[in-house]
Amino acid sequence: MAACRFALAGLAAGSCSGGPMVSLADGQITVSLNPSLSGNDLLVTVRNEHGSSSGKILLINDHIRSNIYQTPNNQLVVIEQGGGDAFFVLPKNEKPRYLPEKETAERETDSDRWQYLGVVKGDVFHTDIPECIALLGEGSSPYRRQYQKRDFC
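Going by my numbering, the first residue of the sequence shown is number 6, and it counts up by one from there.
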């Protein structure tokens, strides 16, 4: 799978090579999704004009489907199929900051208040595909339970 990069700033959607965009209140943010060389992890990198931050999500299988959310307090959340997640703080005038699981207290976990921005499916970012979290019979997630499905979406 090719690396998927998209900016969160306008209102258009399309393939990663064309720079698909969605609206984000905090300005332009670029998100890259790259499978690791081992194929076991998805490296999520969030970049703004001040720098970047990266975190990993365990890949349950190689068919990528990643839901993207913004929280009320300006965090960006990526939930991969299988239920793995990555949280990033998007501070003003600073680079994004990855919040690993050990920093759960800082994560904005009330997922009923999150805004679904869209989904990266394959190498394309879509804003018009309904929210669904594919758990593939293996994973689980404490977030967005009403959108979870035990198999593929």
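The beta-carbon is built from N, C-alpha and C at its ideal position, and this holds for glycine as well.
Original post:
Counting pairs of Cβ atoms below 8 Å between the stretch 106 to 116 and the stretch 38 to 46, do you hit three or more?
Top reply: no
Subject >> Within 8 Å, strictly: CB atoms of K126 and I138 >> reply: Along the sequence shown, one-based indexing puts residue 126 at 121. Along the sequence shown, one-based indexing puts residue 138 at 133. Cβ distance not < 8 Å, so K126 and I138 don't count as in contact.
Original post:
Which value, in whole angstroms, describes the spacing of the CA atoms of S58 and G142?
Top reply: Along the sequence shown, one-based indexing puts residue 58 at 53. Along the sequence shown, one-based indexing puts residue 142 at 137. Roughly 30 Å between the two C-alpha positions.
Original post:
Which residues bound the beta strand (DSSP E) around Y103?
Top reply: One-based indexing of the sequence shown puts residue 103 at position 98. First-last of the beta strand (DSSP E) with Y103: R102 to L104.
**OP:** Give the DSSP-derived three-state secondary structure of K154 in the structure shown.
**Re:** In the sequence shown, counting from the first residue as 1, residue 154 sits at position 149. Here K154 sits in strand by DSSP.
Subject >> Bridge partners - A139, DSSP secondary structure assignment >> reply: Taking the first residue of the sequence shown as position 1, residue 139 is located at position 134. According to DSSP, A139 bridges with K154.
Original post:
Can you name, in chain order, every residue of its own chain whose Cβ lies under 7 Å from the Cβ of A30, other than the five neighbours on each side?
Top reply: Indexing the sequence shown from 1 puts residue 30 at position 25. Unreliable positioning characterises A30 in this predicted model, as indicated by a pLDDT of 46, which lies under 50. The coordinate reading is nonetheless provided below. Counting only Cβ-Cβ distances below 7 Å, and skipping sequence neighbours, we find nothing.
Subject >> Residues near Y152 in its chain [Cβ-Cβ closer than 7 Å; skip 5 each side] >> reply: As a first step, residue 152 must be located in the sequence shown, where it is residue number 147. If we look at Y152 and ignore the five residues flanking it on each side, its Cβ neighbours are E136, C137 and I138.
Subject >> DSSP beta-bridge partners of H131 >> reply: Mapped onto the sequence shown, residue 131 falls at position 126. In the DSSP output, where bridge partners are listed per residue, H131 has V124.
**OP:** Compute the Euclidean distance between the alpha carbons of E85 and P96, then round it to the nearest angstrom.
**Re:** Looking up residue 85 in the sequence shown gives position 80. Looking up residue 96 in the sequence shown gives position 91. In a straight line, the C-alpha of E85 is about 23 Å away from that of P96.
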